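Undergrad:
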Amino acid sequence: MLDIGWSELLVIAIVLIVVVGPKDLPPMIRAFGKFTANLRKMPGEYRTQFDDALREADMDDVRKTIADAQNLNPASSLREALNP
């Protein structure tokens, strides 16, 4: 994905140790890990919400169809057609 090799990772690690310092590096790495985990979770949550909304919309269509079928009275429709 990012095409980062071991040599680039080593350079990044050395720069982080020099800039941040060895004492503050572990909490910073933990925070970065939590941040990336949240970023990876977000698309799944959005997909779940979208799927739920689609299911709800489909259920509304089904409910409307059932209500229309229950309100359908062939006898009254036939009477209306025969009596002008």
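Residue numbers (UniProt numbering): 1 to 84. Positions of the beta carbon are idealized from the N, C-alpha and C atoms, including for glycine. Quantities reported herein were computed from a predicted structural model and do not represent experimental measurements.
For LEU25 and ILE17, which I take to be in contact (beta-carbon distance under 8 Å), what is that distance rounded to the nearest angstrom?
TA: In the sequence shown, the residue the question calls residue 25 occupies position 25. In the sequence shown, the residue the question calls residue 17 occupies position 17. About 6 Å separates the two Cβ atoms, so the contact holds.
Undergrad: Determine the contact status of MET28 and VAL15, defining contact as a CB-CB distance below 7 Å.
TA: Your numbering for residue 28 matches position 28 in the sequence shown. Your numbering for residue 15 matches position 15 in the sequence shown. Contact flag unset, no.
Undergrad: Got a sec, what are the start and stop residues for the alpha helix (DSSP H) LYS64 sits in?
TA: Position 64 of the sequence shown holds residue 64. Note, LYS64: alpha helix (DSSP H), 25 to 71.
Undergrad: Would you tell me roughly how many angstroms separate the C-alpha atoms of LYS41 and LYS34, rounded to the nearest one?
TA: On the sequence shown, position 41 is the one that residue 41 refers to. On the sequence shown, position 34 is the one that residue 34 refers to. Distance between the alpha carbons of LYS41 and LYS34: 11 Å.
Undergrad: In angstroms, rounded to a whole number, what distance separates the CA positions of LEU72 and ILE66?
TA: Within the sequence shown, the letter at position 72 stands for residue 72. Within the sequence shown, the letter at position 66 stands for residue 66. Whole-angstrom Cα-Cα distance: 10 Å.
Undergrad: How is PRO22 classed by DSSP in three states: helix, strand or coil?
TA: By one-based count along the sequence shown, residue 22 stands at place 22. PRO22 falls in the coil class under three-state DSSP.
Undergrad: Near PHE50, what residues of its chain come up, given a Cβ to Cβ distance below 8 Å and the 5 sequence neighbours on each side ignored?
TA: Residue numbering aside, residue 50 sits at position 50 when the sequence shown is read from its first letter. Answer for PHE50: no residue qualifies.
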